[in-house]
Each structure stands twice: as C-alpha cells, then as structure tokens.
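Novice:
Protein chains: 4
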Amino acid sequence: MSIAIIYGGTRKEGNTEILTKHAIQGIEVEEFYLRDYRILPIEDMRHDEDGFQDRGDDYASTIKRVLQHDTLIFVTPIYWYSMTGTMKNFVDRWSHSMRDAAFPDFKAQMGTKEAYVIAVGGDAPAIKGLPMVEQFKYIFEFMGVEFKGYIIGKGNKPGDILEDKVALFQAEQLRKKL
Amino acid sequence: MSIAIIYGGTRKEGNTEILTKHAIQGIEVEEFYLRDYRILPIEDMRHDEDGFQDRGDDYASTIKRVLQHDTLIFVTPIYWYSMTGTMKNFVDRWSHSMRDAAFPDFKAQMGTKEAYVIAVGGDAPAIKGLPMVEQFKYIFEFMGVEFKGYIIGKGNKPGDILEDKVALFQAEQLRKKL
Amino acid sequence: MSIAIIYGGTRKEGNTEILTKHAIQGIEVEEFYLRDYRILPIEDMRHDEDGFQDRGDDYASTIKRVLQHDTLIFVTPIYWYSMTGTMKNFVDRWSHSMRDAAFPDFKAQMGTKEAYVIAVGGDAPAIKGLPMVEQFKYIFEFMGVEFKGYIIGKGNKPGDILEDKVALFQAEQLRKKL
Amino acid sequence: MSIAIIYGGTRKEGNTEILTKHAIQGIEVEEFYLRDYRILPIEDMRHDEDGFQDRGDDYASTIKRVLQHDTLIFVTPIYWYSMTGTMKNFVDRWSHSMRDAAFPDFKAQMGTKEAYVIAVGGDAPAIKGLPMVEQFKYIFEFMGVEFKGYIIGKGNKPGDILEDKVALFQAEQLRKKL
Numbered sequence: 001m002s003i004a005i006i007y008g009g010t011r012k013e014g015n016t017e018i019l020t021k022h023a024i025q026g027i028e029v030e031e032f033y034l035r036d037y038r039i040l041p042i043e044d045m046r047h048d049e050d051g052f053q054d055r056g057d058d059y060a061s062t063i064k065r066v067l068q069h070d071t072l073i074f075v076t077p078i079y080w081y082s083m084t085g086t087m088k089n090f091v092d093r094w095s096h097s098m099r100d101a102a103f104p105d106f107k108a109q110m111g112t113k114e115a116y117v118i119a120v121g122g123d124a125p126a127i128k129g130l131p132m133v134e135q136f137k138y139i140f141e142f143m144g145v146e147f148k149g150y151i152i153g154k155g156n157k158p159g160d161i162l163e164d165k166v167a168l169f170q171a172e173q174l175r176k177k178l
Numbered sequence: 001m002s003i004a005i006i007y008g009g010t011r012k013e014g015n016t017e018i019l020t021k022h023a024i025q026g027i028e029v030e031e032f033y034l035r036d037y038r039i040l041p042i043e044d045m046r047h048d049e050d051g052f053q054d055r056g057d058d059y060a061s062t063i064k065r066v067l068q069h070d071t072l073i074f075v076t077p078i079y080w081y082s083m084t085g086t087m088k089n090f091v092d093r094w095s096h097s098m099r100d101a102a103f104p105d106f107k108a109q110m111g112t113k114e115a116y117v118i119a120v121g122g123d124a125p126a127i128k129g130l131p132m133v134e135q136f137k138y139i140f141e142f143m144g145v146e147f148k149g150y151i152i153g154k155g156n157k158p159g160d161i162l163e164d165k166v167a168l169f170q171a172e173q174l175r176k177k178l
Numbered sequence: 001m002s003i004a005i006i007y008g009g010t011r012k013e014g015n016t017e018i019l020t021k022h023a024i025q026g027i028e029v030e031e032f033y034l035r036d037y038r039i040l041p042i043e044d045m046r047h048d049e050d051g052f053q054d055r056g057d058d059y060a061s062t063i064k065r066v067l068q069h070d071t072l073i074f075v076t077p078i079y080w081y082s083m084t085g086t087m088k089n090f091v092d093r094w095s096h097s098m099r100d101a102a103f104p105d106f107k108a109q110m111g112t113k114e115a116y117v118i119a120v121g122g123d124a125p126a127i128k129g130l131p132m133v134e135q136f137k138y139i140f141e142f143m144g145v146e147f148k149g150y151i152i153g154k155g156n157k158p159g160d161i162l163e164d165k166v167a168l169f170q171a172e173q174l175r176k177k178l
Numbered sequence: 001m002s003i004a005i006i007y008g009g010t011r012k013e014g015n016t017e018i019l020t021k022h023a024i025q026g027i028e029v030e031e032f033y034l035r036d037y038r039i040l041p042i043e044d045m046r047h048d049e050d051g052f053q054d055r056g057d058d059y060a061s062t063i064k065r066v067l068q069h070d071t072l073i074f075v076t077p078i079y080w081y082s083m084t085g086t087m088k089n090f091v092d093r094w095s096h097s098m099r100d101a102a103f104p105d106f107k108a109q110m111g112t113k114e115a116y117v118i119a120v121g122g123d124a125p126a127i128k129g130l131p132m133v134e135q136f137k138y139i140f141e142f143m144g145v146e147f148k149g150y151i152i153g154k155g156n157k158p159g160d161i162l163e164d165k166v167a168l169f170q171a172e173q174l175r176k177k178l
C-alpha cells in the first residue's frame, strides 16, 4: 500500500501537521505540501466549445503523482468550518481532470483509492467540523473513493494538539492500519 | 439598505448568477465578481512574531468596499459540495482582516450586517448542499452576521436553473425583502 | 401511483397538516394519523434466542396498509429538531419488520417506494431542520427508498404556515408531481 | 458534581450501556433506564385553552429526579440515525415541562446543567451519526445546556463495542473529567 499525504495547511508545522506526523511515524509516505505549489482556482469551462484549458500551474504534475498512490490522507486545518482555500482549489480542479484527455481514467483511478481526513480546529471542532466531514463524505462518494475514517483534533495555538489525548490516540490507531 | 453581491462563480452567466439576477432585478446593488480580482489564499501568520503580512493583491481593496454595505449576498455555484475555492480564499482572508491594523473594527463591523446565500448545484443540492449551508451558518455566527436565508437551486447545464420553479419563486420572494 | 400520508403530529390540524392538505388537495390518498394508533416503542430483541416478539399493538396492521402504497409522504412537525417521538417509534419498529416472518420481503418491498418529507418547525427550521432531513436521507438510503424531495415550512402558532409563501408554493409544485 | 445517566436503549446490557459503564466505573451516578418507565409520547396542547394535561405516566417523577443533577449523560444506541423513540419521547415531553406550573423554572434549571452524549451505532456511525450529534447540539443550545462532548462507538452484535478501542479510550478520558 502506497500512501500520499496531502497537506492543505498554510502554516509550517501547524497542529494538523504535528498530528499527522504522529500518525505516520515510521511509515513510508509521499508528502504533498500544497502551499509549496502554485495551484490556481479552477475556471469552469465545462460548457465552453473548447472545454477546459491548461492553467499552466503545478496542478497537473501534482495530481499525476498523487494518483500513483492507493491511500490518500487529506490533512487540513479547519479554516472557517471547512478545508482551507488552498486545499479546496486543489479539489476543485478535479472537475477539470475528469474532462482532461491527459487523465483519461481520472474518476476510475480515483475510485480504486481509499481516503482518510485529518483536521484540527480551534472552535468546537468536534461539532462545528461535522459539515466538513460530510462534505468530504460526498466528495469521496462521488469519486468512488472509500472514506476509511477521520480524526478531528482540537487546537489553536502552536502545539495545542499535543494536549488532545483522544486525537493522539486516534493517530496511533490509524498508524496501525496504515 | 445598501447591498453587496459577492459572486464566487468562475463561469460567466452561470446558473447561480442567473438566479441571483432574477432576485435583484430592479434593485440597486454593488456587484463583486471575485473571479475578476486577484485574491490569493491566506498564509496563516497569526502566530508569527510580525503577524500577517500584506499579500499585495486585490483582497484589501475588495473587502474595504464590501464593508460599506449592510446586506451581503454570497453567490456561489456548489463545487464539490461547498463554496468555490475562489470564494473560500476570500473568506479565509478574513482571518487576516481580524488581525489587521488597517481594519481595526473588522469583526464588529461585520457583526452589524445581514447575509443571504444563493447557490446552485447539480448533484441533489437540496440534500448534498446542506453541509455548505451549515458552514455558512457557522461562519456568520462567528462574525455576528445575521443569516437571513438561503436559496439552493438545481442546475447543471447553462440555463437549467430556469426550470427550477421553486428557486425562481424564492428569488422573487427575496426580491420583495431587499 | 398510490399514496400514503403518514402523519406524526400530535395536534389536530397543526401547521404541518395544513401544509400537507394544501399539497394533496384533490388527490386520492390514504391517510395515517399515527397519534390515533397505539404504536409502542420497539424492544430490541434482535439478539434474543427467540427474536422479536409481537407487541400486540396497532403497528403491524398499520405498516401492512402502508406497504400497499407506492409513494410515502412522511409528515411531521419538528419536535426538538427531528421527527416526533410518535413517528420515531413507528420507524424504529421497522427493525422488527425486517426480521418478522409475517413480512418476508419487508426491505425489498420498501425498496420499491419513493418518499417525501413535509415538516414545519418554529425555530429557524430552514437551518435547524437540516439534521432531520439528513436522518431521513439515511433512513431512506438504508431501505432503498428513493428520497424525492422535502418541504420545510416555518410556523409556530396555529395557522402560521399560511404566511410561509415559499412552503405553500412548494406544496403546489409537489401536488403537480403526485 | 452530581451525575444522571439517562439510558434510552431498549436492550439490556447493549453496547451503549457497556461503553457507558466503562466511562462511569467507580463514579457515583444516578441511573435512569427509560425503558423501565412508562413515558408516553407528548400530546401537543400548547395552543389549547387549558394547555397541557397531565398524562398520568412516569414522566413527571422521572424528570423531577433528573433535574436534581448537574451533569446529564444521554446514552442511546443509534436507531435509524438518531436517538431511540424511547428517548425521543422523553425529550419531547420537555415541551410540556416548559409550560407546566409544577416546573416553574424548568428551562432555567436545565440551563445550569452540562451534558454528554454516548451513542453506539452499527452503520458507519462516525459519519451517519453526525446528524444526531447536531440534533443534540440544537436541543442543548435551546435549553442553555452546555454540550461538553460526545462519544460515538461502533457496534452491532452484543459486545462489539469492546473492539472499538478509540471509543473505550474516549470513555476513559471522560471518566477523568467526571
């Protein structure tokens, strides 16, 4: 099993990253820090005569590498009760890949994968993070990805997550499965 | 009452825009097409010694104008079961404005406003759009914005929304309130 | 198409009933006022040696008649952010029917049906009624019932619903489909 | 701190009860097994001239004892993606207590309490149990009860819950707080 970690955070070594590192300790993974790539918002050209146009950024090369893995772990701090805009832009672009001759089997390929979500939020995330979990559920459902589980931790200031014993324990349980 | 329409769509004259134009027919509003501005993802520098840095894009001038209105209408096609990345980036940046000396009363000012959401989706939006509505609810709640209502229409191909009689009726009812 | 209306309300001629009558005007339906039947809470005996026992109430005869219809309309005032306990007891009992020799094809039969939900609430139902809609979605999904749509109206005092123009319009649109 | 455990399950020693016993090991609590009381569905008489009528069952004496505690733990197996009908009937009756001269300060008294929810479900409860969590959130919010946390375990057959290590760990963490 080959694992891709897709980081949507915009702060280095934020709580969500710390929690994820705890989960993948000693496990071989490929890590994608989306903030280090140039990934533009989608421009919806589904209904244009010529269809979607290449946006000349890092999206295509990134998704190509992500596709080589079996397990995708989406890691995002909770910004405004959902994934970061940085991660959302990445997901939005899938609408292009689904119609891109360069990715002839995009949806079918994604449909063979399984996914986890790891998120940390500061404002009652166990409750107010639930719409985000449901959003991921619908995303995975649409793509045929199996949603294997999620961890929602609590943290605000740097390092807070180390106080969230349940999240750390869940990370350890996840490690055993990976 | 002064009204700002904040468009998150990336396609000109998409279904969500058609539905919104139906709602604001004959009403004076200021329109913000986010796709026409350069609004970068936030970089979370809350915990940096020097705090957030200016990103040199169109965000500050845009939010400044938005703030001058009493009623905010957030208009977004449903991309992957939530607002577009384009709109999410705009909202994410509020985290900076709340800590920006250039906007000393950002949260207090936002807290005087009322908001509506207009969205159109193609995949069972009356059900699968609900997590997005809840996200907006939490966003508004956090900012003290009064969430006055929402319209979720159904549409996929250009013009589909004109078949959604309930959404059109809701748009007309909204028009009477504006 | 044969239609069953399943009323969960405990007040005669409440707002939800008024809204539903508006939707079914001039249409032949069979109406089930659950409050008029004796339907006890389920006793979970799945794991007992002898399985579920007959509870000697009106459930079996009621569900038998409901099963004869193709379209089920679940009508409930929103009590504490979900269906009434009266209606919940009725649904809970399905767990027995699925294991009851008297209903050998219960799930398969349910799986041929389509359903609507009509609900009225007093406390911001367009938002706070959403978890109930999701519960119904999962219930129908589990049973293989097609969830064709829902109407959530707003009302508290008797007759309030007549002021909810959108709900009334939705009821009229539903009428055309039935 | 005085603790009431309110059990909504209808099977003795079900998974939810096992999980709860694990959480309250060695702690003094008062336990209410709702299945052992006769608690009828509410009859909504808010708008009747004479208001609600006493239903002559065990509700009043039960809620009176519950009110004497500071912390309420609601324990329910997930039936059809929400609390059991047995527990729902109990909660529905609060609408009467709020208008009952015998409970002059019902809402104010409830508003001093804090609450937890412990639930176990068999069908992807970490996802499909979320609407139930949101429903409890709104219930507590309405009453002014502080929602301190919840545990959702996974289990179907008797004893399954002992395999859910995360739920057991959460129960142990909860124990430390009680």
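Protein chains in written order, with UniProt numbering: chain A, 1 to 178; chain B, 1 to 178; chain C, 1 to 178; chain D, 1 to 178.
Ideal Cβ placement from N, Cα and C applies to all residues, glycine included.
Just so you know, these numbers come straight off a predicted model, no measurement behind them.
Going along chain D in order, which residues have a C-beta closer than 9 Å to the C-beta of residue 149(A)?
Specialist: 126, listed in chain order.
Novice: Could you list the residues in the stretch 93 to 109 of chain C with a C-beta less than 7 Å from some C-beta on chain B, going in chain order?
Specialist: Those would be none; no residue qualifies.
Novice: Tell me whether residue 12(A) sits in a helix, a strand or coil according to DSSP, three-state version.
Specialist: In the structure shown, residue 12(A) sits in coil (DSSP, three-state: anything other than H, G, I, E or B).
Novice: Does residue 66(D) come within less than 7 Å of chain C when only Cβ atoms are used?
Specialist: Residue 66(D) does not count as touching chain C.
Novice: Below 7 Å on C-beta distance, what does residue 134(B) contact in chain C?
Specialist: Going along chain C in sequence order, the residues near residue 134(B) (Cβ under 7 Å) are 130.
Novice: What does residue 11(D) reach in chain C if we use C-beta pairs closer than 9 Å?
Specialist: Those within 9 Å of residue 11(D) in chain C are 43, 44, 45, 46, 47 and 48.
Novice: Per DSSP, which one or two residues make a beta bridge with residue 77(B)?
Specialist: In the DSSP output, where bridge partners are listed per residue, residue 77(B) has 120(B).
Novice: Of the residues 7(A), 16(A), 5(A) and 143(A), which one's Cα is nearest the Cα of residue 154(A)?
Specialist: Nearest option by C-alpha distance: 16(A).
Novice: Smallest Cα separation from residue 118(C): which of 99(C), 174(C), 98(C) and 157(C)?
Specialist: Checked all of 99(C), 174(C), 98(C) and 157(C); the closest Cα to residue 118(C) is 174(C).
Novice: I need the boundaries of the alpha helix (DSSP H) containing residue 141(A), first residue and last residue.
Specialist: It spans 130 to 143 - the alpha helix (DSSP H) in which residue 141(A) sits, taken as one unbroken run.
Novice: Which one or two residues does DSSP pair with residue 7(D) in a beta bridge?
Specialist: 33(D) and 75(D).
Novice: Just how far apart, CA to CA, sit residue 90(D) and residue 40(D)?
Specialist: Distance between the alpha carbons of residue 90(D) and residue 40(D) is about 8 Å.
Novice: In this structure, how does DSSP classify residue 149(C) when only helix, strand and coil are distinguished?
Specialist: Looking at residue 149(C) - three-state DSSP - the assignment turns out to be strand.
Novice: Would you mind listing the beta strand (DSSP E) stretches within the stretch 41 to 120 of chain C that are 3+ residues and don't spill past its ends, in chain order?
Specialist: Listed in chain order, the complete beta strand (DSSP E) runs (minimum 3 residues) inside the stretch 41 to 120 of chain C are 71 to 77.
Novice: Could you tell me which chain D residues have their CB closer than 8 Å to the CB of residue 74(A), listed as they occur along the chain?
Specialist: The contacting residues do not exist; residue 74(A) stays about 15 Å from chain D at best.
Novice: Mapping DSSP to helix, strand and coil, what is residue 157(B)?
Specialist: The answer is coil: DSSP assigns residue 157(B) none of H, G, I, E or B.
Novice: So, is the C-beta of residue 91(C) closer than 7 Å to a C-beta in chain D?
Specialist: Chain D contact via Cβ: present.
Novice: If I measure Cβ to Cβ from residue 78(C) and keep anything under 6 Å in the same chain, skipping five residues before and after, which residues do I get?
Specialist: Excluding residues within five positions, the ones whose Cβ falls inside 6 Å are 119, 121, 125 and 129.
Novice: Can you list the residues of chain B that residue 123(A) reaches, using a CB-CB cut of under 9 Å?
Specialist: 138 and 142, listed in chain order.
Novice: Give a yes or no on whether the minimum CB-CB distance between residue 21(C) and chain D is below 7 Å.
Specialist: Chain D contact via Cβ: absent.
Novice: Can you tell which of 99(D), 108(D), 164(D) and 163(D) has the C-alpha that lies nearest to the C-alpha of residue 49(D)?
Specialist: When each option's Cα is compared against that of residue 49(D), the closest is 99(D).
Novice: Give, in chain order, every residue of the stretch 150 to 165 of chain D whose Cβ lies closer than 8 Å to some Cβ of chain C.
Specialist: Those residues of the stretch 150 to 165 of chain D that come within reach of chain C (Cβ to Cβ, closer than 8 Å) are 157 and 158.
Novice: Identify the contact partners of residue 79(D) in chain C, using a Cβ-Cβ distance below 9 Å as the criterion.
Specialist: The answer, in chain order, is 42, 44, 88, 91, 92 and 95.
Novice: Can you name the residues of chain C whose CB is closer than 9 Å to the CB of residue 169(B)?
Specialist: Those are 165, 166, 169, 170 and 173, listed as they occur along chain C.
Novice: Taking the C-alpha atoms as reference points, what is the distance between residue 161(D) and residue 84(B)?
Specialist: Each residue's Cα considered, the two are about 40 Å apart.
Novice: State buried or exposed for residue 22(C), treating a residue as buried only when at least 16 other CB atoms are found within 10 Å of its CB.
Specialist: Label assigned to residue 22(C): buried.
Novice: With 7 Å as the threshold, decide whether the Cβ of residue 111(B) is near any Cβ in chain A.
Specialist: No, no contact with chain A.
Novice: Any beta-carbon of chain C closer than 7 Å to the one on residue 26(D)?
Specialist: No, because no Cβ of chain C sits closer than 7 Å to the Cβ of residue 26(D).
Novice: DSSP state of residue 178(D), grouped into three classes?
Specialist: It is coil, neither helix nor strand.
Novice: Just to confirm my understanding: we take residue 179(D), look at its own chain, exclude 5 residues before and 5 after, and list those with CB closer than 7 Å. What are they?
Specialist: No statement about residue 179(D) is possible, as the shown extent of chain D runs from 1 to 178 and does not include it.
Novice: Please state the DSSP three-state secondary structure of residue 28(D).
Specialist: Note: residue 28(D) maps to coil in three-state DSSP.
Novice: Does any CB atom of chain C fall closer than 7 Å to the CB of residue 85(D)?
Specialist: Answer yes: the Cβ-Cβ gap between residue 85(D) and chain C drops below 7 Å somewhere.
Novice: Let me confirm a value: residue 108(D) is counted as buried when at least 16 other C-beta atoms fall within 10 Å, else exposed. Which label applies?
Specialist: It is exposed - the Cβ of residue 108(D) has fewer than 16 other Cβ atoms within 10 Å.
Novice: With DSSP collapsed to three states, give me the class of residue 39(C).
Specialist: In the structure shown, residue 39(C) sits in coil (DSSP, three-state: anything other than H, G, I, E or B).
Novice: Just to confirm, is the Cβ distance from residue 42(A) to residue 10(B) under 7 Å?
Specialist: In this structure, residue 10(B) lies closer than 7 Å to residue 42(A) by Cβ.
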